[in-house]
Amino acid sequence: MSKNVSLVLGSGGARGMAHVGVIRWLEEHGYTIQSISGCSMGALVGGFYAAGKMDAFTHWICNVSTFDLVKLLDFKGSGGLVSGETLMKKLNELLGEQNIESLPIKYTAIAADVHAEKEIWINKGSLLEAIRASISLPLFFTPYELDGRMLIDGGVLNPVPIAPTFHDKTDLTIAVNLGGTVDPQYNINDNNETDSVSEKVIAYLQSITIADSLIGKNSIYKVADQSFDAMQGTIARMKLSAYPPDIEIEIPRNLCGTLEFNRVEEIIEYGYQKCQETLA
Numbered sequence: 008m009s010k011n012v013s014l015v016l017g018s019g020g021a022r023g024m025a026h027v028g029v030i031r032w033l034e035e036h037g038y039t040i041q042s043i044s045g046c047s048m049g050a051l052v053g054g055f056y057a058a059g060k061m062d063a064f065t066h067w068i069c070n071v072s073t074f075d076l077v078k079l080l081d082f083k084g085s086g087g088l089v090s091g092e093t094l095m096k097k098l099n100e101l102l103g104e105q106n107i108e109s110l111p112i113k114y115t116a117i118a119a120d121v122h123a124e125k126e127i128w129i130n131k132g133s134l135l136e137a138i139r140a141s142i143s144l145p146l147f148f149t150p151y152e153l154d155g156r157m158l159i160d161g162g163v164l165n166p167v168p169i170a171p172t173f174h175d176k177t178d179l180t181i182a183v184n185l186g187g188t189v190d191p192q193y194n195i196n197d198n199n200e201t202d203s204v205s206e207k208v209i210a211y212l213q214s215i216t217i218a219d220s221l222i223g224k225n226s227i228y229k230v231a232d233q234s235f236d237a238m239q240g241t242i243a244r245m246k247l248s249a250y251p252p253d254i255e256i257e258i259p260r261n262l263c264g265t266l267e268f269n270r271v272e273e274i275i276e277y278g279y280q281k282c283q284e285t286l287a
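Following this note's numbering, the numbering of the sequence shown begins with 8 at its first residue and continues without gaps.
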């Protein structure tokens, strides 16, 4: 059986590190990824893989401290808490200047045009700019202006972007849906988040006397985060029902919090085992 694959990598914050585990399993079992369509963290992981830099990114994210991650979040955004400039400088160190047209793998990043209310496919130009536009989580990151458009996280409109792969001449389309059904064995509220980026962000906001309604137990931040996950899960089910891939790898949306990057190795391993379970 031929194993040329179009890989669709969905959005979902830190859950997106499961994409790394999926890609590792596919490579180890003789699959060839010829096309990637990614949204948000899917665009980031997929972009690094397409550029041949996924190992460098994974090594960095697995070894960086939560404190150093938080230092990358420059709390001086406009239209969002974080500007993203410091983070992009770090990603540039890891990735370098890359043009999408020069990548050995077909690549498309999905963002959303907030004014035109439509999804935007970015498949040419700067890879870093494509990633930055696609990861612009509303309220958290400043929207990114590209070619005169104000772009936000593509997961707002299409969290599992299958359509860019429709004309691929591959044998299989595999979609990784990070907005899967809630698994009762995972309860985000029970996780020890004392070392998570999320907790550090909240601590920072407390230090500058942000109102408790923004950062408390039922804060605007937490309600918005859970609402965004619920919205993406619903949209993903509709998209996958209308345009089913050959294989769907479903990651429960309560596997971890959006900013729980302190659990990267665990999440990568989950993605690996879930791919094994689905494809083997």
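For each residue, glycine too, the CB sits at the ideal point set by N, CA and C.
Minimum C-alpha distance to residue i - residue among the options
i: Leu153; options: Gly186, Ala25, Ser143; result: Ser143
i: Gly28; options: Ile242, Asn269, Leu266, Val183; result: Val183
i: Gly155; options: Ile258, Ala123, Lys97; result: Ala123
i: Gly186; options: Trp67, Lys10, Gly20, Ala249; result: Gly20
i: Ile159; options: Gly264, Leu135, Asp120; result: Asp120
i: Lys281; options: Leu33, Ser234, Pro145, Ala231; result: Leu33
i: Glu276; options: Thr65, Thr73, Glu100; result: Thr65
i: Thr93; options: Leu135, Ile43, Lys10; result: Leu135
i: Tyr193; options: Lys97, Ser13, Ala25, Cys263; result: Cys263
i: Asp190; options: Glu126, Lys125, Ile258, Pro166; result: Ile258
i: Thr39; options: Glu126, Ala57, Lys96; result: Ala57
i: Glu100; options: Thr265, Lys125, Phe74, Leu79; result: Leu79
i: Val71; options: Leu51, Gln233, Lys97; result: Lys97
i: His12; options: Lys176, Glu126, Ala63; result: Here residue 12 turns out to be Val, not His, going by the sequence shown. Checked all of Lys176, Glu126, Ala63; the closest Cα to Val12 is Lys176.
Beta-carbon spacing of residue i, residue j below 8 angstroms
i: Gly15; j: Ile181; result: This sequence places Val at residue 15; Gly is not what is there. Taking 8 angstroms as the Cβ cut-off, Val15 and Ile181 qualify as a contacting pair.
i: Pro150; j: Met157; result: yes
i: Pro55; j: Leu110; result: Checking the displayed sequence, the identity of residue 55 turns out to be Phe instead of Pro. In this structure, Leu110 does not lie closer than 8 angstroms to Phe55 by Cβ.
i: Gly240; j: Arg270; result: no
i: Ile242; j: Thr285; result: no
i: Phe268; j: Ile30; result: no
i: Gly59; j: Gly53; result: no
i: Ala116; j: Ala140; result: yes
i: Asp178; j: Lys10; result: yes
i: Ala231; j: Leu164; result: no
i: Ser18; j: Pro166; result: yes
i: Ile274; j: Ala25; result: yes
Presumed contact (8 angstroms Cβ cut-off) between residue i and residue j, rounded CB distance
i: Asn106; j: Gly132; result: 7 angstroms
i: Ile138; j: Gln41; result: Contact doesn't hold; Cβ gap of about 20 angstroms is too wide.
i: Ser90; j: Gly161; result: The Cβ separation is near 19 angstroms, so there is no contact.
i: Leu76; j: Phe82; result: With a Cβ gap of about 13 angstroms, Leu76 and Phe82 do not count as contacting.
Residue i burial status per 10 Å Cβ neighbour count (16 or more: buried)
i: Met245; result: exposed
i: Thr216; result: For Thr216, the predicted structure reports a pLDDT of 47, less than 50, and the residue's modelled location is therefore unreliable. The matter cannot be settled from this model.
i: Thr188; result: exposed
i: Thr172; result: buried
i: Arg22; result: buried
i: Gly37; result: exposed
i: Glu200; result: Any reading at Glu200 must be qualified, since the residue scores a pLDDT of 48, below 50, and its modelled position is unreliable; the value itself is stated next. When all chains shown are included, Glu200 counts as buried.
Quiz item: Can you give, in chain order, each stretch of the alpha helix (DSSP H) that sits fully within the stretch 45-127 and has at least 4 residues?
Solution: Within the stretch 45-127, the runs of alpha helix (DSSP H) that reach at least 4 residues and sit entirely inside it are, in chain order, 48-57, 61-70, 73-78, 92-102.
Practice problem: Would you list, in sequence order, the uninterrupted beta strand (DSSP E) runs of no fewer than 3 residues that lie entirely inside the stretch 217-280? | Solution: 254-259
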